[in-house]
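Asker: Using numbering that gives the first Met the number 0, the letters of the sequence shown correspond one by one to residues 0 to 234. Virtual Cβ for every residue (Gly too), placed ideally from N, Cα, C. Dropping a structure here in structure tokens format, bear with me for questions.
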Amino acid sequence: MKLRFAMGLALFLVVPGSALWAQETYTFKEGDRYGSGKWYMGREIAHVMGFAGVDWLERPEREREENTAMLLMNMGIQPDDTIADIGAGSGYHVFKMAPKAHQGLVYAVDIQDEMLETMRRSRQRKRISNVKVVKGGEQTVNLPENSVDKILMVDVYHEFSYPVEMIASIKNALRSDGKLYLIEYRKENPRVPIKEVHKMSEAQAVKEMEAAGFRLERNINNLPWQHCMVFVLAK
Ligand SMILES: C[S@@+](CC[C@H](N)C(=O)[O-])C[C@H]1O[C@@H](n2cnc3c(N)ncnc32)[C@H](O)[C@@H]1O
0 MKLRFAMGLA
10 LFLVVPGSAL
20 WAQETYTFKE
30 GDRYGSGKWY
40 MGREIAHVMG
50 FAGVDWLERP
60 EREREENTAM
70 LLMNMGIQPD
80 DTIADIGAGS
90 GYHVFKMAPK
100 AHQGLVYAVD
110 IQDEMLETMR
120 RSRQRKRISN
130 VKVVKGGEQT
140 VNLPENSVDK
150 ILMVDVYHEF
160 SYPVEMIASI
170 KNALRSDGKL
180 YLIEYRKENP
190 RVPIKEVHKM
200 SEAQAVKEME
210 AAGFRLERNI
220 NNLPWQHCMV
230 FVLAK
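This is the structure we're talking about:
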């Protein structure tokens with residue numbers, strides 16, 4: 000913590016304007032033992048799940064636990080949709096969405112090279128031609144402006160180390176009538192067997208997304224463990 004304070008102070012002295020802004024947007028304090036110590040709007044940001052978690056993402060019981068088929072139905076995927084899966088991991092959802100958007104395109108965005116490589120290999124093995132693997136950054140999705148109909152984020156938003164910058168970048172990529180599907184484990188339900196810092200309440204998600212210029216169109220709420228929140232751009 001002392002080191003973070005010293006770094007913040009040094010930044011403030013060198014670039015006063017930007018340091019002040021950073022201090023106001025994000026704060027640093029100890030919280031959950033699994034948290035990052037970085038906070039945004041009263042929520043502690045989780046650590047990024049490492050590549051070692053791939054087996055868990057691909058576990059055979061996942062379909063039953065999370066009802067992915069229902070999630071895809073909720074998205075109402077059209078054959079010519081352009082979809083972006085942000086924080087796509089091993090591509091668990093990417094390769095289920097791609098055949099449904101067979102005349103369109105699925106961008107599979109992640110920041111970890113091992114995840115990107117895993118998806119490239121799966122794409123080749125499954126002979127899928129409408130998946131584009133994209134390396135994102137901590138503050139950008141690296142997608143073309145105004146190019147995407149649907150954005151999917153499953154179990155990732157809570158671990159963005161720069162949520163403000165990421166949502167601004169997502170907003171830039173989304174078409175004006177596009178939809179953002181924010182899927183997060185329900186914090187309201189203590190029986191959902193996931194670490195607290197990896198869960199989000201609807202109220203917290205709405206607070207953060209409204210600050211970024213989105214409004215909640217609907218929480219479909221038909222998945223066993225997760226919120227299925229549909230956000231659209233606030234007019
Ligand atoms: C818990 S995994 C979920 C993967 C996938 N969405 C799923 O449900 O199977 C979170 C993923 O988000 C990625 N991630 C974290 N921060 C990111 C960022 N700023 N941009 C893109 N991906 C990010 C991580 O590398 C990791 O692969």
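1. So, are the CB atoms of Lys170 and Val231 less than 8 Å apart?
2. Which of helix, strand or coil does DSSP assign to Thr67?
3. Given a cut-off of 8 Å on the beta-carbon distance, is the pair Gly52 and Glu43 in contact?
4. For the alpha helix (DSSP H) containing Leu235, list its first residue and its last residue.
5. Would the beta-carbon of Tyr91 be found less than 7 Å away from any heavy atom of ligand 1?
6. What is the residue span of the beta strand (DSSP E) that Met152 lies within?
7. Assess contact between the region 56-69 and the region 120-129, defined as three or more Cβ pairs (one per stretch) separated by less than 8 Å. Is contact present?
8. Closer than 7 Å: is that where the CB of Gln225 sits relative to any heavy atom of ligand 1?
9. For Ala172, I'd like the list of residues in its chain whose CB is within less than 8 Å of its CB, leaving aside the five on either flank, ordered along the chain.
10. Please determine, among Arg120, Met40 and Glu113, the residue with the shortest C-alpha to C-alpha distance to Ala204.
11. Tell me the DSSP secondary structure of Arg174 in three-state form.
12. Between Val66 and Pro223, what straight-line distance do the alpha-carbon atoms span, to the nearest angstrom?
13. If we count the other Cβ atoms within 10 Å of its Cβ and call it buried at 16 or more, is Ala97 buried or exposed?
14. If we require 4 or more residues per run, which alpha helix (DSSP H) segments fall completely within the region 193-224?
15. Here's a check: name, in chain order, each residue in its chain whose Cβ is nearer than 7 Å to the Cβ of Leu115, leaving out the five neighbours to either side.
16. Which residues mark the beginning and the end of the beta strand (DSSP E) in which Arg42 is found?
17. Can you look up Glu187 in the DSSP assignment and give me helix, strand or coil?
18. Counting only C-beta atoms, is Gln225 closer than 8 Å to chain C at any point?
19. Exposed or buried, what is His197 when buried is set at 16 or more other beta-carbons lying within 10 Å of its beta-carbon?
20. Do Ile219 and Asn73 have their CB atoms nearer than 8 Å?
21. Compute the Euclidean distance between the alpha carbons of His226 and Leu181, then round it to the nearest angstrom.
22. So, at 6 Å on beta carbons, what are the nonlocal neighbours of Glu207 in its own chain, with the 5 sequence-adjacent residues on each side left out?
23. When the Cα atoms are used, what is the spatial distance from Met228 to Ile85?
24. DSSP three-state label for Asp80, please.
Answerer: So, from the data block:
1. The residue labelled residue 170 in the question sits at position 171 within the sequence shown. The residue labelled residue 231 in the question sits at position 232 within the sequence shown. No, Cβ-Cβ distance for Lys170 and Val231 is not below 8 Å.
2. Here residue 67 refers to the residue found at position 68 of the sequence shown. Reduced to three states, the DSSP call for Thr67 is helix.
3. On the sequence shown, position 53 is the one that residue 52 refers to. On the sequence shown, position 44 is the one that residue 43 refers to. For the 8 Å CB-CB criterion, Gly52 and Glu43 do not form a contact.
4. Any property of residue 235 remains undetermined from this structure, which presents the chain solely from 0 to 234.
5. The residue given as residue 91 occupies position 92 in the sequence shown. Taking the Cβ of Tyr91 as the reference point, at least one heavy atom of ligand 1 falls within a distance shorter than 7 Å.
6. Along the sequence shown, one-based indexing puts residue 152 at 153. Val147 to Val153 is the extent of the beta strand (DSSP E) around Met152.
7. Touching, no, given that fewer than three Cβ pairs across the two stretches are closer than 8 Å.
8. As a working note, residue 225 is residue 226 in the sequence shown. Ligand 1 has no heavy atom closer than 7 Å to the beta-carbon of Gln225.
9. Here residue 172 refers to the residue found at position 173 of the sequence shown. Only Ala83, Val140, Leu142, Pro143, Glu144, Asn145, Ser146, Val147 and Ile150 meet the Cβ criterion.
10. What you label residue 204 is simply residue 205 of the sequence shown in a count that begins at 1. Measuring C-alpha to C-alpha distances from Ala204 to each of Arg120, Met40 and Glu113 identifies Met40 as the nearest.
11. Here residue 174 corresponds to residue number 175 of the sequence shown, with the count starting at 1. Of the three classes helix, strand and coil, the one that applies to Arg174 here is strand, per DSSP.
12. One-based indexing of the sequence shown puts residue 66 at position 67. One-based indexing of the sequence shown puts residue 223 at position 224. It is worth fixing the name first, because residue 66 is Asn in this sequence and not Val. Inter-residue distance for Asn66 and Pro223 is about 7 Å (C-alpha atoms, whole angstroms).
13. In the sequence shown, residue 97 corresponds to position 98, counting from 1. Flag for Ala97 reads buried.
14. Here the runs fully enclosed are 201-210.
15. Walking along the sequence shown from the start, residue 115 turns up at place 116. Here the set comprises Asp109, Val132 and Lys134.
16. On the sequence shown, position 43 is the one that residue 42 refers to. Looking at the DSSP string, the run of the beta strand (DSSP E) that includes Arg42 is Arg42 to Ala45.
17. Along the sequence shown, one-based indexing puts residue 187 at 188. Judged by DSSP in its simplified three-state form, Glu187 adopts coil rather than helix or strand.
18. Here chain C cannot be found, since the structure has a single protein chain.
19. Here residue 197 refers to the residue found at position 198 of the sequence shown. Residue environment analysis places His197 among the buried positions, since at least 16 neighbouring C-beta atoms fall within 10 angstroms of its C-beta.
20. Within the sequence shown, residue 219 is the residue found at index 220, counting from 1. Within the sequence shown, residue 73 is the residue found at index 74, counting from 1. The answer is yes: Cβ separation under 8 Å.
21. Locating residue 226 in the sequence shown gives position 227, counting from the first residue. Locating residue 181 in the sequence shown gives position 182, counting from the first residue. Rounded to whole angstroms, His226 and Leu181 show a C-alpha spacing of 8 Å.
22. Looking up residue 207 in the sequence shown gives position 208. By the criterion of a C-beta distance shorter than 6 Å, Glu207 is surrounded in its chain by Met40, once the five residues flanking it on both sides are discounted.
23. Taking the sequence shown and counting its residues from 1, the one referred to as residue 228 is at position 229. Taking the sequence shown and counting its residues from 1, the one referred to as residue 85 is at position 86. Cα-Cα distance, rounded: 15 Å.
24. For the purposes of this step, residue 80 is identified with residue 81 of the sequence shown, where counting begins at 1. DSSP places Asp80 in coil when its eight states are reduced to three.
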